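Everything in the sequence shown is counted per numbering that gives the first Met the number 0, starting at 0 for the first residue and increasing by one. Glycine included, every Cβ here is placed at the ideal spot set by N, Cα and C. All figures in this text were calculated on a predicted structure; none of them were measured in a lab. Comments concern the structure below.
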Amino acid sequence: MKNKILKGLSQVYQFMLDELRIIFHDPGAILVFFIALIIYPLLYSLAYDNETVKENPVAFVDLDHSSFSRKLARMADATEQLKVSWYPGSLKEAQQLFFNGEIRGVILVPKGFEKNILRGTQATVTVYTDAGYFLLYKQVYAGSVYSLTAFNTGIKATRLLNDGITLNHLWEVPEPLKLNTHTLYNPAGGYGSFVMTGIILVILQQTLLIGIGLLGGTTRERNRYNHQKGPKEITGGSISAVLGKSMAYLLIYLVNSVFALMWVYQWFHFPDKSGFLSTLILLVPYLLSVSFLGLAISVLFRERVHSLLFMVFLSPIVLFLSGLSWPASSLPPLLYSLAHLYPSTIMVPAYIRMRMMGVSVGAVSIELGWLLIQMSAYFVLACVSYHYAHKRFDRKIGNLAEIELPVDPT
Numbered sequence: 000m001k002n003k004i005l006k007g008l009s010q011v012y013q014f015m016l017d018e019l020r021i022i023f024h025d026p027g028a029i030l031v032f033f034i035a036l037i038i039y040p041l042l043y044s045l046a047y048d049n050e051t052v053k054e055n056p057v058a059f060v061d062l063d064h065s066s067f068s069r070k071l072a073r074m075a076d077a078t079e080q081l082k083v084s085w086y087p088g089s090l091k092e093a094q095q096l097f098f099n100g101e102i103r104g105v106i107l108v109p110k111g112f113e114k115n116i117l118r119g120t121q122a123t124v125t126v127y128t129d130a131g132y133f134l135l136y137k138q139v140y141a142g143s144v145y146s147l148t149a150f151n152t153g154i155k156a157t158r159l160l161n162d163g164i165t166l167n168h169l170w171e172v173p174e175p176l177k178l179n180t181h182t183l184y185n186p187a188g189g190y191g192s193f194v195m196t197g198i199i200l201v202i203l204q205q206t207l208l209i210g211i212g213l214l215g216g217t218t219r220e221r222n223r224y225n226h227q228k229g230p231k232e233i234t235g236g237s238i239s240a241v242l243g244k245s246m247a248y249l250l251i252y253l254v255n256s257v258f259a260l261m262w263v264y265q266w267f268h269f270p271d272k273s274g275f276l277s278t279l280i281l282l283v284p285y286l287l288s289v290s291f292l293g294l295a296i297s298v299l300f301r302e303r304v305h306s307l308l309f310m311v312f313l314s315p316i317v318l319f320l321s322g323l324s325w326p327a328s329s330l331p332p333l334l335y336s337l338a339h340l341y342p343s344t345i346m347v348p349a350y351i352r353m354r355m356m357g358v359s360v361g362a363v364s365i366e367l368g369w370l371l372i373q374m375s376a377y378f379v380l381a382c383v384s385y386h387y388a389h390k391r392f393d394r395k396i397g398n399l400a401e402i403e404l405p406v407d408p409t
């Protein structure tokens, strides 16, 4: 029994070395496994480095031409969200600027704005913004609300002072409702801090799947199913091959994860409440699940390019199903179930809770359990896939050996 275990471990170790040797001698695998894992996290992080969209150009249509309207324009321009770049004379001119892409929104102050305020009647300000682009819509709307709220507060304070309330007493007047807001886990409200954790995990998954499929297609192209010595060793050989190859991928991607999930985090100051090491309990089964899934489907690719085409086609779908752009739980039931075929659907929300929110392992124990179940299921699937792939290859070799070539008597 001991000798069998040692022999099995020796086979696993040999398969791991063979796979590493194949990877480091394959330019395509090096590109996917290493260079892509450097370029993509850095590229996305640099693109989102500003975190929020600031100084959005807007047009201020002042039909009142009063001191109050000019003050409101200055307050809007003072916010970090807005930059009053144009002062068109009419809404039609502002509309043309918007259609030309020169502004992101329009603030319209109607005629009689100051007069209504001085009379004590309600005045209105109209804000036009593009709701088709949510990030810009949010910023233009927020900047407009901030400036209007500050302006409105100033008007109320002026009225109270005119009613005889002293400035000191004004500050002592209790507010009917005081709102205390605490922005948790992403204080700046940055888009990069929100999205980059999930994107990096999806990048790890997709590059690993593409790379494994690339190597699987290469194996089919070059007929390298050469580790099976006989029918009796097929099952054990498949298990050893799957374990050995997956250990090679795990080793490479743990190193990649140090770069993508630790160094990139530090360089771009992404929210980090737990640190990299504490998340390894999620990361290891995640990478193994992806490795086993990749090995299971790699036997389907007849050529190495098929892996690239298939996985790149699925990448936008996987990103959507991960729950980053839309909560996975809000998907239709069938699509929600299919989404869980990918380890990233389980991993992304659990990892974000650990890394950004700093929750304990116990808080993500359900997700961890599902990752372990998924890892086990894909391991069995990979072993079965390799078993039948190698069996089919052995049958093909046997058929070739039985072919008798005709001999020309001349």
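| query | result |
| --- | --- |
| The alpha helix (DSSP H) enclosing G153, as first and last residue numbers | 133-161 |
| Minimum C-alpha distance to P40 - residue among G191, Y387, K53, V124 | G191 |
| Enclosing alpha helix (DSSP H) for D17 [first to last residue] | 1-23 |
| Residues near G216 by beta carbon distance below 8 Å, same chain, minus five either side | S297, F300, R301, E302, R303, V304, H305, S306 |
| CB contact flag (Y140, T128, <9 Å) | yes |
| Range covered by the alpha helix (DSSP H) that runs through D76 | 66-77 |
| Inter-residue Cα distance where the pair is T121 and L107 | First, the amino acid is wrong: residue 121 is Gln here, not Thr. The alpha-carbon atoms of Q121 and L107 are separated by roughly 15 Å. |
| Unbroken alpha helix (DSSP H) run spanning L81, endpoints | No alpha helix (DSSP H) holds L81; the beta strand (DSSP E) holding it covers 81-85. |
| Helix, strand or coil at L249 according to DSSP, with G and I counted as helix | helix |
| Beta-carbon proximity of L253 to L286, cut-off 9 Å | yes |
| Segment contact, 8 Å Cβ cut-off, at least three pairs: the stretch 308-316 with the stretch 267-285 | no |
| Endpoints, the beta strand (DSSP E) within which T128 is located | 125-128 |
| Cβ pair L200, Y350 closer than 9 Å | yes |
| N55 (DSSP reduced to helix, strand or coil) | strand |
| Check whether L281 and L36 have beta carbons under 9 Å apart | no |
| For I106, the first and last residue of its enclosing beta strand (DSSP E) | 104-108 |
| Distance CB(Y43)-CB(I238) smaller than 9 Å | no |
| Inter-residue Cα distance where the pair is A247 and V57 | 54 Å |
| One or two residues paired with D61 in a DSSP bridge | V108 |
| S343 burial status per 10 Å Cβ neighbour count (16 or more: buried) | buried |
| N179 and R103 closer than 9 Å at C-beta | no |
| C-alpha gap between G88 and V126, whole angstroms | 16 Å |
| For W369 and Y387, the rounded distance between their alpha carbons | 27 Å |
| Close beta carbons around Y335, own chain, < 8 Å, minus the five adjacent residues each side | A327, S328 |
| L367 and V360 closer than 9 Å at C-beta | yes |
| DSSP state of K177 mapped onto helix, strand, coil | coil |
| Per-residue burial, S288 [other beta carbons within 10 Å of its own, 16 or more giving buried] | buried |
| Under the three-state DSSP convention, the category K272 falls into | coil |
| Stretch pair the stretch 109-116 + the stretch 57-69: three plus CB contacts closer than 8 Å | yes |
| Y417 versus G188: straight-line alpha-carbon distance, rounded | The requested residue 417 is not part of the displayed model; the chain covers only 0 to 409. |
| Reduced DSSP secondary structure (H/G/I, E/B, other) of A204 | Here the sequence assigns Gln to residue 204, which means Ala is not the residue at that position. Here Q204 sits in helix by DSSP. |
| Where V144 falls, given that 16 or more other Cβ within 10 Å makes a residue buried | exposed |
| Cβ-Cβ separation, M374 to Q205 (assumed contact under 8 Å), whole Å | Not a contact, Cβ separation roughly 18 Å. |
| Minimum C-alpha distance to T182 - residue among V379, M355, K6 | M355 |
| Supposed contact pair F59 and A77 - C-beta distance, whole angstroms, cut 8 Å | Not a contact, Cβ separation roughly 13 Å. |
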